[in-house]
Amino acid sequence: MSVFARGLDLARAFYEESVAPLLGGASHAAALVGWGSDVLGYDTHRSADHGWGPRLQVFVEPGDVRSIRETIDARLPGEFHGWPTRFGWDAVPVSHQVEIVPLAEWLRHRLGFDPRQEISVQNWLSTPQQTLLETIAGAVFHDDRGELTRVRESLAWYPDELWLWLLACQWRRIDQEEAFVGRTAELGDELGSRVVTARLVRDMMRLGFLLERRYAPYSKWLGSAFQELGVGAAIGGALTAALAAENYANRESALVVAVEELATRHNTLGITRTVEARTRLFYERPYRVLRSGRFAEACLERISDPWLRSLPLTGAIDQFVDSTEVLTRQETFTAVGTVYQTWSAASSHGGRTGDP
95 MSVFARGLDL
105 ARAFYEESVA
115 PLLGGASHAA
125 ALVGWGSDVL
135 GYDTHRSADH
145 GWGPRLQVFV
155 EPGDVRSIRE
165 TIDARLPGEF
175 HGWPTRFGWD
185 AVPVSHQVEI
195 VPLAEWLRHR
205 LGFDPRQEIS
215 VQNWLSTPQQ
225 TLLETIAGAV
235 FHDDRGELTR
245 VRESLAWYPD
255 ELWLWLLACQ
265 WRRIDQEEAF
275 VGRTAELGDE
285 LGSRVVTARL
295 VRDMMRLGFL
305 LERRYAPYSK
315 WLGSAFQELG
325 VGAAIGGALT
335 AALAAENYAN
345 RESALVVAVE
355 ELATRHNTLG
365 ITRTVEARTR
375 LFYERPYRVL
385 RSGRFAEACL
395 ERISDPWLRS
405 LPLTGAIDQF
415 VDSTEVLTRQ
425 ETFTAVGTVY
435 QTWSAASSHG
445 GRTGDP
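Just so you know, we're using the numbering used here here: the sequence shown kicks off at 95 and counts up by one.
As structure tokens, this is what we get:
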């Protein structure tokens, strides 16, 4: 009977005991990266019922792919530690799940570009955080040339000016809706007030990831990963209270606690001028808000890149696109990313600039 082990541990043992001896000394890197709850470390017994088992990638030179695939096909054992080494799910046919592929091919298939070369600003903006996270998460078991390790290091986080711009865009998202919680409640629209609250909670969570320089995973793991952040421990209770609140007063109080803590943490980073972190009334209306656009403006003051400043404050692709069909398909999110060039060109012909 098979005993459940975390996928990363199973993959490491699978490589060391069953796969590595079949590689015949060929230069390679071996890892478990890419899709899967096991890559992010969130797999449980439930994960084992679907697309889960002994698996990994082996990155080799193009000339070695065929011979190594043939060896793995012929000599891989039928099971490992009680788990079948050949399995399938959904439209994936039953086969062993040792992926033998050149690193460049795998990277272009996953990302749409090769990060071993220069990574353009558009590459960064076009790639969902989930995809970047899948590339740097997981584990590397062997890397004799260090190439895969360098790729992961190069993708570890955004360049500084781009990070500031993404922060500006996330603060702007909050700024655009923070007063709507009160306005909808004032109209007796309880459902609408709750919907806006939920949107703000997610935006605050994603801001927390940006402040701590961590890529945010997609919705299934967003809450789990948020709890691992320092800011998650600080405001997780307030965000939960905001979602559970039965009336506007309690909803607003919880959101105020959360947004003021985020503002304080922004100031603590020292990446912009200090901005007053306390909430205030929304002009003459009785809604307590941070006026989060002030933080967006402070970020933009530190950005000198004219191309970034020419763009509308949309952020990276997953800050303005919420479609799984787009964010999980490389050919689609790469194509959508070309919109940045269109926006920049429009700005150069008299459209808006990146200034607030």
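For glycine and all other residues, C-beta sits at the position ideal for the given N, C-alpha and C.
Does residue i come out as helix, strand or coil in the three-state DSSP assignment?
i, result
"R308", "coil"
"G448", "With a pLDDT of only 41 at G448, under 50, the local geometry of the prediction cannot be trusted, and no value is derived from it."
"S189", "strand"
"G147", "coil"
"W129", "coil"
"F181", "strand"
"E173", "strand"
"V453", "No answer is possible for residue 453: the residues shown for the chain start at 95 and end at 450."
"F153", "strand"
"V97", "coil"
"I213", "coil"
"A339", "coil"
"A123", "strand"
Assign residue i to one of two classes, buried (16 or more other C-beta atoms within 10 Å of its C-beta) or exposed (fewer than that).
i, result
"T221", "buried"
"D132", "buried"
"P253", "exposed"
"E179", "This sequence places Thr at residue 179; Glu is not what is there. By the 10 Å Cβ count, T179 comes out buried."
"G324", "exposed"
"Q413", "buried"
"R400", "Going by the sequence as given, residue 400 is Pro instead of Arg. Exposed, by the Cβ-count rule."
"T362", "exposed"
"P156", "exposed"
"Y109", "buried"
"Y377", "exposed"
"P187", "exposed"
"P311", "buried"
"W146", "buried"
"G182", "exposed"
"V290", "buried"
"Q435", "exposed"
Assuming residue i contacts residue j under a Cβ cut-off of 8 Å, what Cβ separation, rounded to an integer in Å, is found between them?
i, j, result
"L402", "L256", "7 Å"
"A336", "R345", "5 Å"
"R307", "W218", "Actually they are not in contact, since the Cβ atoms of R307 and W218 sit about 14 Å apart, beyond 8 Å."
"L304", "L260", "6 Å"
"V152", "A124", "5 Å"
"L116", "I166", "6 Å"
"C263", "L384", "No, C263 and L384 are not in contact; Cβ-Cβ is about 16 Å, not under 8 Å."
"E395", "T366", "7 Å"
"I194", "R163", "5 Å"
Could one say the Cβ of residue i lies closer than 7 Å to chain B's Cβ atoms, at least one of them?
i, result
"E419", "The structure shown contains no chain B; it holds only a single protein chain."
_Extract the residue ranges of the beta strand (DSSP E) inside the stretch 233 to 302, only unbroken runs of 3 or more that lie entirely within it._
233 to 237
_the stretch 193 to 209 in contact with the stretch 276 to 288 per 3-pair CB rule at 8 Å_ = no
_So within the stretch 343 to 430, which uninterrupted beta strand (DSSP E) runs reach at least 3 residues, ignoring any that extend past its ends?_
For the stretch 343 to 430, whole beta strand (DSSP E) runs of length 3 or above, ordered along the chain, are 374 to 376 and 379 to 383.
*Are the stretch 425 to 445 and the stretch 214 to 232 in contact at 8 Å, needing three or more beta carbon pairs?*
Two segments are said to touch when three or more pairs of C-beta atoms, one from each, lie closer than 8 Å; by this definition the stretch 425 to 445 touches the stretch 214 to 232.
_Meets three-Cβ-pair contact criterion under 8 Å: the stretch 267 to 275 and the stretch 291 to 301_ = yes
*Counting Cβ pairs, one atom from each stretch, are 3 or more of them under 8 Å apart for the stretch 348 to 359 and the stretch 373 to 384?*
Between the stretch 348 to 359 and the stretch 373 to 384, the count of Cβ pairs shorter than 8 Å is three or higher; the stretches touch.
*Does the pairing of the stretch 204 to 215 with the stretch 242 to 251 give three or more beta-carbon distances under 8 Å?*
yes
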